[in-house]
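Asker: First, the structure itself, so that you have it in front of you.
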Amino acid sequence: MKHVSENRDAPAQSPPWAGPVTSSERAFPLDLPGFLTREQHRIHLVGVAGSGMSGIAALLIKLGHTVSGSDKVSTMETDRLQRLGLRFREQHRPEDADTAELIVFSSAIKGDNPILVCARSYGKPVVRRAEALAAIMRGKRGIVIAGMHGKTTTSAMTAHVLREGGLHPCHYVGAEIPILGTNAHWDSRGEYFVAEGDESDGTIALFQPEHTVILNIEEEHLDFYADLGAIEKVFAQLITQTTGKVFYNIDDKNAVRVCRSLARGISYGFADEADYRAIDIRPRDFGSTFRVSGRGQDLGEVVLNVPGQHNVHNALGVIALASELGVTFEKISKSLAKFEHARRRFEIKYHSPRFLLVDDYGHHPTEIRATLKAAKSVGRKRVLTMFQPHRYSRTKALRKEFGRAFDDADRVVVTDVYGSNEAPIPGVTGQMIVDEVVAHGHRGASYEPRLEWAHCAVGNMLESGDLVLSLGAGNIHEQLSALAADLVIAENLKAIVGKNGEVRLYEPLSKHTTLRVGGPAQFWVEPRNEKAFAELIRFCGDENLPLFVMGRGSNLLVRDGGIHGVVVHPCGDEFDKIEVNGAEITAGAGAKLKEVAYAGKAAGIGGLEWLEGIPGTVGGGLRMNAGAMGAQTFENVVRVRYLDTNGEAHTRTRGELEVYYRNFPLLEKNFAVSAVFRGQPAPLEEIVRKLEASQEKRRTSQPAAKSAGCIFKNPDSCPAGKLVDELGLKNSSVGKARVSEVHGNFIVNDGGATAAEMLELIEKIKATALAKRGIELETEVQIVGEPG
Ligand code: EPU
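Using the numbering used here, the first residue of the sequence shown is number 3, and each one after it goes up by one.
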């Protein structure tokens with residue numbers, strides 16, 4: 003059954019915490035405002051670690067009470083409160099009710115909590131958090147900020163502006179806001195008390211403030227309210243109990259419906275008829291600038307450093323209230339310009355027209371949902387999330403809720419649990435959350451057990467227009483910082499390769515090697531022309547970034563830690579071009595050698611057929627002086643164009659070049675752009691015959707499985723494949739890396755092999771060849787990158 007707030011006729015036997023509570027326990031004998039603000043008592047708070055409860059604890063300590071508290075978890079907040087005098091216990095023990103004269107409990111606490119049960123049996127006064135807050139506020143002139151969204155920001159903004167305006171307000175807001183110091187503050191000098199009112203359980207109707215700000219009203223918390231009508235009734239009650247002015251958002255139709263007819267209503271918003279109105283709004287990613295007209299007069303300009311139109315509304319509510327309290331506009335606008343969100347609360351780490359990176363410490367499902375909603379409302383194309391669960395106990399207890407918390411995220415990468423001070427609970431990992439998210443129907447969730455790789459997992463998904471959100475109370479924000487640092491470089495790289503070029507972060511090189519192993523490239527860059535390539539070379543030189551060029555990755559073994567720095571993959575446009583001129587074929591570094599052979603066939607040029615059997619690109623073939631069918635690349639190459647380390651282009655003819663078996667030293671430091679191959683006119687049938695012979699040779703003597711071609715150079719004494727065969731090592735394996743049964747010089751990936759397995763197998767073969775035959779095998783395949 004759904005409850006409505008005015009349902010006060012609940013059966014007399016039901017405990018007050020079991021149903022809607024809008025007043026204290028029936029037999030409550032106390033003048034609660036007097037008890038809390040004019041006397042000093044022993045008070046116990048049940049669920050004191052919650053952000054709302056910790057604020058009450060701070061206020062009660064400041065008011066001179068002896069405060070104890072219990073919670074099943076300890077937090078930084080409980081640590082801080084203990085230093086202020088809180089007696090804290092990480093457990094709810096009934097005896098804690100013994101000495102307390104009053105028990106305050108959080109709405110998160112269930113009716114069967116042992117302290118509540120015990121206190122009730124003693125007939126001790128028990129009140130909800132909101133009741134205590136409402137009573138404390140009665141000691142001052144109350145200002146309640148109410149509404150479904152923006153309460154924390156607006157109440158913090160209000161407290162800040164009034165404080166800067168010299169009014170010494172007390173405050174109670176739902177989060178740590180650095181600019182305010184703490185989430186709750188008692189200042190005996192001031193008259194006002196600014197509080198965030200919580201409408202979620204109807205307790206907002208407990209407040210009897212002097213002024214109220216209504217930010218917005220909409221259907222929410224339908225677990226508690228029957229419908230919008232029930233919600234509006236609670237707001238109407240709050241308004242009735244407000245003795246002074248009611249400030250309301252004129253652009254929110256429900257707020258208008260509730261407040262329109264009030265004589266003491268003051269409207270704010272964008273509509274022409276608003277008492278306080280924003281005009282000429284100029285939004286930015288992180289804030290906005292606008293002019294304010296108040297009661298028909300131009301008051302001046304406001305620069306706001308919190309993002310979104312919703313915050314312009316929030317600021318207008320604050321401007322209206324502060325102006326009516328007599329703070330000058332000059333002071334208001336100055337203090338608003340200084341207002342900032344809490345650190346790790348929607349904290350912007352990086353922004354550009356293409357990307358927005360935001361960090362938030364949200365770690366409870368409700369916070370996550372709210373933050374994701376805010377992230378979505380920013381209006382970027384997609385929201386990508388990296389989430390680090392916080393504490394094993396919470397992960398386990400709230401796993402279902404976590405499963406439902408990520409609906410507004412397009413992609414979710416979950417890391418392992420940040421234990422805080424807890425010991426791991428077997429089976430409780432980030433995978434548990436992913437399973438719940440997936441079971442809930444989300445299609446974009448994945449698990450990254452290694453925290454230090456989280457930024458890679460998310461970074462590789464990045465597309466222009468994305469917002470990335472890091473979530474969690476542990477150290478996930480460091481991952482977002484790492485991503486932000488790399489994005490700065492990635493954006494420079496993107497500017498170099500232009501619209502047609504491609505830049506990706508942390509591209510898994512297993513996708514780009516024929517062996518299908520290899521960790522990520524920190525920066526994967528695809529230039530489309532020589533000019534961009536040259537500029538990349540100069541940029542990497544200037545920035546001291548390692549640069550590695552990769553073709554088809556057919557002769558490459560990339561270690562599991564990937565390649566640090568820039569991996570350039572020249573392809574497309576100029577680099578894929580193949581042009582025939584007489585018996586000469588000019589091919590870009592990104593063109594496949596196979597295609598050079600086929601271009602030869604099409605133009606009646608023979609002698610290039612063997613290139614059909616090389617799986618690499620022109621650039622890779624040049625670098626390795628690749629060979630097959632007894633031929634090698636430089637037998638056909640007549641000219642090479644390359645870029646030097648300064649990005650200068652040069653062309654060299656064959657006679658000027660030093661070339662060895664499987665090695666072309668010029669390209670150790672320089673970078674191939676294109677090459678001219680020469681064949682000779684030949685009858686088509688002859689070309690076709692040779693092509694078929696090459697294909698046949700490959701088909702019969704080489705494996706079709708994923709490999710990097712021959713792993714070892716052929717030693718002088720014996721072909722490496724034959725040697726491995728003779729050593730009886732065919733089919734020997736390490737993990738999923740296996741020596742091919744077809745050809746001893748091929749190691750194949752049976753699916754999911756790691757570079758580490760490949761390398762171990764290579765070492766085994768080398769050791770055996772040396773031990774048994776005295777032959778030192780040398781790898782032909784290029785081994786690069788960092789260990790995993
Ligand atoms: N052999 C065996 N057992 C084996 C493999 C080979 O006895 O398991 C024997 C063969 O029967 C043959 C000799 O060893 O008598 C040489 O084998 P193959 O003809 O296959 O040539 P290879 O030297 O092993 C070279 C290139 C290959 C190229 C082929 C075909 C090297 C290191 N390898 O292989 O190139 O495809 O010729 O022309 O030069 C590559 O470099 O990645 C590559 C695949």
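For each residue, glycine too, the CB sits at the ideal point set by N, CA and C.
Is the Cβ-Cβ distance between residue 216 and residue 237 less than 8 Å?
Answerer: Cβ distance < 8 Å, so residue 216 and residue 237 count as in contact.
Asker: Which runs of the beta strand (DSSP E) spanning at least 3 residues fall entirely within the region 616-694, listed in chain order?
Answerer: DSSP runs (the beta strand (DSSP E)) wholly in the region 616-694: 639-645, 651-655 and 673-680.
Asker: How long is the line joining the alpha carbons of residue 29 and residue 122, rounded to whole angstroms?
Answerer: Any reading at residue 29 needs caution, since the residue's pLDDT is 45, under 50, leaving its predicted position unreliable; the model's value is listed next. Rounded to the nearest angstrom, the two C-alpha atoms are 11 Å apart.
Asker: Under the assumption that residue 678 contacts residue 621 (Cβ atoms under 8 Å), give the Cβ distance between them as a whole number of angstroms.
Answerer: That belief does not hold up - the Cβ atoms of residue 678 and residue 621 are roughly 14 Å apart, past 8 Å.
Asker: Which same chain residues, not among the five before or five after residue 246, have their C-beta less than 6 Å away from its C-beta?
Answerer: Answer for residue 246: 212 and 213, listed in chain order.
Asker: For residue 23, collect the residues of the same chain with a Cβ closer than 6 Å to its Cβ; drop the 5 residues on either side in sequence, then sort them by chain order.
Answerer: Here the model assigns residue 23 a pLDDT of 35, short of 50, so the residue's position is not dependable, and the following value carries that caveat. Correct list, in chain order: 130.
Asker: Do you know how far the Cα of residue 432 is from the Cα of residue 485?
Answerer: The alpha-carbon atoms of residue 485 and residue 432 are separated by roughly 21 Å.
Asker: Got a sec? Which residues, its chain only, sit under 8 Å from residue 771 by beta carbon, not counting five neighbours each side?
Answerer: Here the set comprises 725, 726, 729, 777, 778 and 779.
Asker: Check the DSSP bridge columns for residue 586 and list the partner residues they point to.
Answerer: For residue 586, which the question treats as bridged, DSSP gives the partners 583 and 680.
Asker: Round the Cβ separation of residue 218 and residue 150 to the nearest angstrom and send it over; I've been treating them as touching at under 8 Å.
Answerer: Contact holds; Cβ gap of about 5 Å.
Asker: Under a Cβ-count criterion, where at least 16 other Cβ atoms within 10 Å of its own Cβ denotes burial, should residue 652 be classed as buried or exposed?
Answerer: By the neighbour-count rule (16 or more Cβ atoms within 10 Å), residue 652 is not buried but exposed.
Asker: Where does residue 508 sit, in a helix, a strand or coil, going by DSSP?
Answerer: Strand at residue 508.
Asker: Can you find at least 3 beta carbon pairs, one from the region 200-211 and one from the region 60-77, that sit closer than 8 Å?
Answerer: Contact between the region 200-211 and the region 60-77 is absent, because fewer than three Cβ pairs lie under 8 Å.
Asker: Please specify which runs of the beta strand (DSSP E), each continuous and at least 3 residues long, are wholly inside the region 502-556, giving them in chain order.
Answerer: 504-510, 522-528 and 549-551, all fully within the region 502-556.
Asker: Could you tell me whether any non-hydrogen atom of ligand 1 is closer than 7 Å to the CB of residue 724?
Answerer: Yes - ligand 1 has a heavy atom lying nearer than 7 Å to the Cβ of residue 724.
Asker: Please give me, in chain order, every unbroken run of the alpha helix (DSSP H) with length at least 4 that falls completely inside the region 392-419.
Answerer: Those alpha helix (DSSP H) runs which fall completely within the region 392-419 and span 4+ residues are 394-399 and 401-405.
Asker: Less than 8 Å between the beta carbons of residue 88 and residue 58, yes or no?
Answerer: No; because the gap between Cβ atoms is not below 8 Å, this pair is not in contact.
Asker: Around the C-beta of residue 142, are 16 or more other C-beta atoms found within 10 angstroms, so that it is buried, or is it exposed?
Answerer: So residue 142 ends up on the buried side.
Asker: Measure the beta-carbon distance from residue 515 to residue 560 and round it to whole angstroms, keeping in mind my assumption that it falls under 8 Å.
Answerer: Contact holds; Cβ gap of about 6 Å.
Asker: What do you reckon, are the CB atoms on residue 314 and residue 156 nearer than 8 Å?
Answerer: It is not a contact, given that the beta carbons lie outside the stated cut-off.
Asker: In terms of alpha-carbon separation, which member of 482, 289, 302 and 304 lies closest to residue 361?
Answerer: The option with the nearest alpha carbon to residue 361 is 482.
Asker: Could you tell me if residue 229 is buried or exposed, where buried requires 16 or more neighbouring beta carbons within 10 angstroms of its beta carbon?
Answerer: Exposed, by the Cβ-count rule.
Asker: So, are the CB atoms of residue 111 and residue 49 less than 8 Å apart?
Answerer: Going by C-beta atoms, residue 111 is nearer than 8 Å to residue 49.
Asker: Run the proximity test for residue 802: is its beta-carbon closer than 7 Å to any non-hydrogen atom belonging to ligand 1?
Answerer: The chain is shown from 3 up to 790; residue 802 falls before or after that span and cannot be answered.
Asker: Taking the straight line between their C-alpha atoms, what separation do you get for residue 329 and residue 184?
Answerer: Their Cα atoms are separated by approximately 23 Å.
Asker: So what's residue 727 in DSSP terms, helix, strand or just coil?
Answerer: Helix.
Asker: In this structure, does DSSP put residue 483 in helix, strand or coil?
Answerer: Looking at residue 483 - three-state DSSP - the assignment turns out to be helix.
Asker: Quick check: is any heavy atom of ligand 1 less than 7 Å from the C-beta of residue 424?
Answerer: No, Cβ of residue 424 sits at least 7 Å from all heavy atoms of ligand 1.
Asker: Please go through the same chain and pick out, in chain order, the residues whose beta-carbon is closer than 6 Å to the beta-carbon of residue 47, but skip the five residues on each side of it.
Answerer: So the list reads 55, 59, 71 and 106, once near-sequence residues are dropped.
Asker: Using a Cβ-based criterion (distance less than 7 Å to any ligand heavy atom), does residue 354 qualify as near ligand 1?
Answerer: Residue 354 Cβ: outside cutoff for every heavy atom of ligand 1.
Asker: Taking just the CA atoms, how far does residue 391 sit from residue 113?
Answerer: Straight-line Cα distance between these residues: approximately 27 Å.
Asker: Does at least one heavy atom of ligand 1 sit under 7 Å from the Cβ of residue 782?
Answerer: Answer for residue 782: yes, Cβ within range of ligand 1.
Asker: Would you tell me roughly how many angstroms separate the C-alpha atoms of residue 14 and residue 92, rounded to the nearest one?
Answerer: Bear in mind that a pLDDT of 29 at residue 14, under 50, signals an unreliable position, so the number given afterwards is only what the model happens to contain. Each residue's Cα considered, the two are about 33 Å apart.
Asker: Using the Cα positions of residue 663 and residue 465, report the straight-line distance between them to the nearest angstrom.
Answerer: Spanning the two alpha carbons is a distance of roughly 43 Å.
Asker: Taking 8 Å as the threshold (C-beta atoms), are residue 750 and residue 707 in contact?
Answerer: In contact: residue 707 and residue 750 (Cβ atoms closer than 8 Å).
Asker: Throw me the rounded Cβ distance for the residue 307 and residue 289 pair, which I believe falls under 8 Å.
Answerer: Residue 307 to residue 289, Cβ: 4 Å. Contact.
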